[in-house]
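Just so you know, the protein sequences line up as chains P and X, in that order.
Using UniProt numbering, read the first sequence as starting at 1 and increasing by one per residue.
Using UniProt numbering, read the second sequence as starting at 1 and increasing by one per residue.
Glycine included, each C-beta is placed from N, C-alpha and C at the ideal position.
Predicted model only: the values in this text are computed from it and were never measured.
For reference, the structure discussed in these notes is given below.
Number of protein chains: 2
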Amino acid sequence: MSMHYGRAHHPKAPAGYIHDDMTKAEIKERESSLVPLTDSVRRLVDAVVRTQVPDSVLDDVRTRVETLAEELLADALPGPHGVRFGPDGGFRNYGNPVVGKGNAFAPPLAVQRDGEDVWAEFELGPAYEGPPGLVHGGVSALILDQLLGEAASAGGRPGMTGTLTIVYKQGTPLGPLCGEARIESTEGVKAVVRGRLLTRPADGSDPAVCVEAEGIFILPRWAREAMAAADREHVGDA
Amino acid sequence: MSMHYGRAHHPKAPAGYIHDDMTKAEIKERESSLVPLTDSVRRLVDAVVRTQVPDSVLDDVRTRVETLAEELLADALPGPHGVRFGPDGGFRNYGNPVVGKGNAFAPPLAVQRDGEDVWAEFELGPAYEGPPGLVHGGVSALILDQLLGEAASAGGRPGMTGTLTIVYKQGTPLGPLCGEARIESTEGVKAVVRGRLLTRPADGSDPAVCVEAEGIFILPRWAREAMAAADREHVGDA
Chain P
1 MSMHYGRAHH PKAPAGYIHD DMTKAEIKER ESSLVPLTDS VRRLVDAVVR
51 TQVPDSVLDD VRTRVETLAE ELLADALPGP HGVRFGPDGG FRNYGNPVVG
101 KGNAFAPPLA VQRDGEDVWA EFELGPAYEG PPGLVHGGVS ALILDQLLGE
151 AASAGGRPGM TGTLTIVYKQ GTPLGPLCGE ARIESTEGVK AVVRGRLLTR
201 PADGSDPAVC VEAEGIFILP RWAREAMAAA DREHVGDA
Chain X
1 MSMHYGRAHH PKAPAGYIHD DMTKAEIKER ESSLVPLTDS VRRLVDAVVR
51 TQVPDSVLDD VRTRVETLAE ELLADALPGP HGVRFGPDGG FRNYGNPVVG
101 KGNAFAPPLA VQRDGEDVWA EFELGPAYEG PPGLVHGGVS ALILDQLLGE
151 AASAGGRPGM TGTLTIVYKQ GTPLGPLCGE ARIESTEGVK AVVRGRLLTR
201 PADGSDPAVC VEAEGIFILP RWAREAMAAA DREHVGDA
């Protein structure tokens, strides 16, 4: 199951969500160095895909990349970054491959919210290619899984992805794209979320719908218990 | 639609599949430098996710990464790598985010084939994390899309992914995993392919099925025409 973190800062949230002492101000300071570094590594990933320089240059660059990795690993978490919350509500999931600010593969998506609607504008380059010139179908699924999960959370229904269905309507061109998602319906512990990926034409012409997705999200036990407790409190207030 | 390249070297294959003059021997030579470089960049991506070094080190590393990217881009393809075929059957899709030998995000999967069965053993680290300690659900979808597409090709039914359905059975732990896929049935231009991701326990205990997938692949026109022509030739031979 794919767990989205919506209300994971709740005391009944499952283990693995880390609470630490990094304030929002400290996070902002850290990210002013981390994000540009991640951007530069993203450019390096792209350069390796496209480079045509002689083998000897590849070998030389490799040696220097290894040195850089060692310098960063001189002090590093022993395992995955995890999902972290600070004391004043700062939130970090730097390893997330769609939105993680420390993950050079993540485009990264900056997901916007307006009520129950979530969306993101982003650009996918050569490291996301499947068929020639087109986005890998699995990358579309990866991005939609994240967007649908964020829509479930935005609609107050954080949960585990039970089933994800992706319908490919037409090839998705590499370049500027837009994704959007929103809860369609809820029934008991289930929420049905729909989303899609569209082109974002530079000339202002109508966007084309390339991929559609439907996800069924199951509200986890800790969230159900928290909501039931809130209901009881509310009844007590009345 | 997500196009898999199965028979794309066929003369009727769609545009965008590039034929060049790189022989298998030249490809092997190139990859003896490219693959270790990609591995080192993959370690760098992982290091950026996990690093705890001071901001000043991040800034210094960033500057040097930028220099390396510039050196690689001194001679580079202007756009995506595409899917390339050499004169003696060598095949390259270096940018593919699941199997590309030049893509530092690709685990990469080395997909094995035995008749119509395809499978791969691989390991997913911190750059693939969604929920704490678990593989991002969308990464599972990304990998399964690739495996199902390769199974469609292995079964002689290359095509576009029409619909991909992913069922999450339980959280997929980061670490060693196995994926497998195979065509289940065909009807007209449609092929139904099934696959799954399993754990790969180090202690030899039974693997757990974490994710199941079903994909419906549609045979493209060029492949249908090629198959019809082959049938006519076969009738002519009889």
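Exercise. So what's P/D20 in DSSP terms, helix, strand or just coil?
Worked result: Along the first sequence, read from residue 1 onward, the residue named residue 20 of chain P stands at position 20. DSSP places P/D20 in coil when its eight states are reduced to three.
Exercise. When you compare each of X/I27, X/D145, X/P132 to X/T163 by their alpha carbons, which one comes out closest?
Worked result: Residue 163 of chain X sits at position 163 when you count from the first residue of the second sequence. Out of X/I27, X/D145, X/P132, X/D145 has the C-alpha closest to the C-alpha of X/T163.
For this session: Label X/A232 either buried or exposed according to how many other C-beta atoms from any shown protein chain fall within 10 Å of its C-beta, with 16 as the threshold for buried.
Result: Position 232 of the second sequence, counted from the first residue, corresponds to residue 232 of chain X. Residue identity differs from the one stated: residue 232 of chain X is Arg in this sequence, not Ala. So X/R232 counts as exposed.
For this session: Assess, as a yes-or-no matter, whether the segment 110-121 of chain X is touched by the segment 52-67 of chain P under the definition of 3 or more beta carbon pairs within less than 8 Å.
Result: no
Exercise. Given X/V35, which residues of its chain have a CB within under 7 Å of its CB, disregarding the five upstream and five downstream residues?
Worked result: Counting from 1 along the second sequence, the entry for residue 35 of chain X is found at position 35. Excluding positions up to five away in sequence, the list reads K101.
Exercise. Relative to the C-alpha of X/F105, which residue among X/G133, X/T161, X/T38 is closest?
Worked result: Here residue 105 of chain X corresponds to residue number 105 of the second sequence, with the count starting at 1. Minimum Cα distance to X/F105 is reached at X/T38.
Exercise. Secondary structure at residue 275 of chain P, three-state DSSP: helix, strand or coil?
Worked result: Outside the shown range of chain P (1 to 238) lies residue 275 of chain P, about which nothing can therefore be said.
Exercise. Okay, do the segment 185-202 of chain X and the segment 212-232 of chain X touch, 3+ Cβ pairs below 8 Å being the bar?
Worked result: yes
Problem set entry | the segment 121-134 of chain P: positions lying closer than 8 Å to chain X by Cβ | G125, P126, A127, Y128, E129, G130, P131, P132, G133, L134
For this session: Name the residue from X/D59, X/D21, X/P173 whose alpha carbon lies nearest to the alpha carbon of X/L124.
Result: Locating residue 124 of chain X in the second sequence gives position 124, counting from the first residue. Per the Cα distances, X/P173.
For this session: Quick one: which residues of the segment 167-186 of chain P get their C-beta closer than 8 Å to a C-beta of chain B? List them in chain order.
Result: Here the protein chains are P and X, and chain B is not one of them.
Problem set entry | X/Q52 versus P/S32: straight-line alpha-carbon distance, rounded | Counted from its first residue, the second sequence places residue 52 of chain X at position 52. Counted from its first residue, the first sequence places residue 32 of chain P at position 32. X/Q52 and P/S32: Cα-Cα distance of roughly 14 Å.
Exercise. How would you write the range of the beta strand (DSSP E) that P/R194 sits in, first residue to last?
Worked result: Looking up residue 194 of chain P in the first sequence gives position 194. Element bounds for P/R194: 190-199.
Problem set entry | Spatially closest choice to X/C178 from X/V135, X/P80, X/V48, X/T165, by CA coordinates | Residue numbering aside, residue 178 of chain X sits at position 178 when the second sequence is read from its first letter. The residue with the shortest Cα to Cα distance from X/C178 is X/V135.
For this session: For X/T165, I'd like the list of residues in its chain whose CB is within less than 8 Å of its CB, leaving aside the five on either flank, ordered along the chain.
Result: The residue you call residue 165 of chain X lines up with position 165 of the second sequence. These residues qualify, in order along the chain: A213, E214, G215.
Exercise. Are the beta-carbon atoms of P/A110 and P/A120 separated by less than 8 Å?
Worked result: Here residue 110 of chain P refers to the residue found at position 110 of the first sequence. Here residue 120 of chain P refers to the residue found at position 120 of the first sequence. Inclusion of P/A110 and P/A120 in the CB contact set at 8 Å is warranted, their separation being smaller than that value.
Exercise. Under the rule that 16 or more other beta-carbon atoms within 10 Å means buried, what is X/F91, buried or exposed?
Worked result: On the second sequence, position 91 is the one that residue 91 of chain X refers to. Exposed is the call here.
For this session: Check whether the Cβ atoms of P/A228 and P/G195 lie closer than 8 Å to each other.
Result: The sequence position of residue 228 of chain P within the first sequence is 228, counting from 1. The sequence position of residue 195 of chain P within the first sequence is 195, counting from 1. Result no, Cβ atoms of P/A228 and P/G195 do not sit closer than 8 Å.
Exercise. Going straight from the alpha carbon of P/G138 to that of X/E180, what length do you get?
Worked result: Counting from 1 along the first sequence, the entry for residue 138 of chain P is found at position 138. Counting from 1 along the second sequence, the entry for residue 180 of chain X is found at position 180. Taking the straight line joining both Cα atoms gives about 16 Å.
Exercise. Applying a beta-carbon distance threshold of less than 9 Å, which residues of chain P neighbour X/A154?
Worked result: Residue numbering aside, residue 154 of chain X sits at position 154 when the second sequence is read from its first letter. Within 9 Å Cβ-Cβ: nothing; X/A154 doesn't reach chain P, min ~17 Å.
Exercise. Should X/E71 be flagged as near chain P, meaning a C-beta pair shorter than 8 Å?
Worked result: Here residue 71 of chain X refers to the residue found at position 71 of the second sequence. Yes - at least one Cβ of chain P is within 8 Å of the one on X/E71.
Problem set entry | P/P126 - DSSP class collapsed to helix/strand/coil | For the purposes of this step, residue 126 of chain P is identified with residue 126 of the first sequence, where counting begins at 1. DSSP places P/P126 in helix when its eight states are reduced to three.
For this session: Starting from the C-beta of P/A208, find all residues in its chain whose C-beta is less than 7 Å away, skip the five residues before and the five after it, and write them out in chain order.
Result: By 1-based counting over the first sequence, the position of residue 208 of chain P is 208. If we look at P/A208 and ignore the five residues flanking it on each side, its Cβ neighbours are Q170, L198, T199.
Exercise. Going by the beta-carbon positions, is the gap between P/V211 and P/S140 smaller than 8 Å?
Worked result: Translated into the one-based positions of the first sequence, residue 211 of chain P becomes position 211. Translated into the one-based positions of the first sequence, residue 140 of chain P becomes position 140. Yes, Cβ-Cβ distance for P/V211 and P/S140 is below 8 Å.
Exercise. Cβ atoms of X/K24 and X/G89: under 8 Å apart, would you say?
Worked result: To locate residue 89 of chain X, count along the second sequence from 1; it is residue 89. To locate residue 24 of chain X, count along the second sequence from 1; it is residue 24. A contact, by the Cβ cut-off of 8 Å.
Exercise. Run through DSSP, which three-state label would P/P36 get?
Worked result: Here residue 36 of chain P refers to the residue found at position 36 of the first sequence. Looking at P/P36 - three-state DSSP - the assignment turns out to be helix.
Exercise. Under the DSSP definition of a beta bridge, which residues are partnered with X/P176?
Worked result: Residue 176 of chain X sits at position 176 when you count from the first residue of the second sequence. Paired residues: X/E123.
For this session: For the alpha helix (DSSP H) holding P/T67, just list the boundary residues, first then last.
Result: Position 67 of the first sequence holds residue 67 of chain P. 55-73 is the extent of the alpha helix (DSSP H) around P/T67.
Exercise. With DSSP run on the structure shown, which of helix, strand or coil describes X/A228?
Worked result: Taking the first residue of the second sequence as 1, we reach residue 228 of chain X at position 228. Helix.
Problem set entry | Which of helix, strand or coil DSSP assigns to X/S153 | Position 153 of the second sequence, counted from the start, is the residue given in the question as residue 153 of chain X. Here X/S153 sits in helix by DSSP.
For this session: Compute the Euclidean distance between the alpha carbons of P/S153 and P/P97, then round it to the nearest angstrom.
Result: Mapped onto the first sequence, residue 153 of chain P falls at position 153. Mapped onto the first sequence, residue 97 of chain P falls at position 97. Whole-angstrom Cα-Cα distance: 18 Å.
Exercise. For P/G59, which residues in chain X fall below 9 Å Cβ to Cβ?
Worked result: Walking along the first sequence from the start, residue 59 of chain P turns up at place 59. For the sequence presented, residue 59 of chain P should be read as Asp rather than Gly. Residues of chain X passing the Cβ test: S33, P36, L37.
Exercise. Which value, in whole angstroms, describes the spacing of the CA atoms of P/Y94 and P/V57?
Worked result: As a working mapping, residue 94 of chain P is identified with position 94 in the first sequence. As a working mapping, residue 57 of chain P is identified with position 57 in the first sequence. Whole-angstrom Cα-Cα distance: 31 Å.
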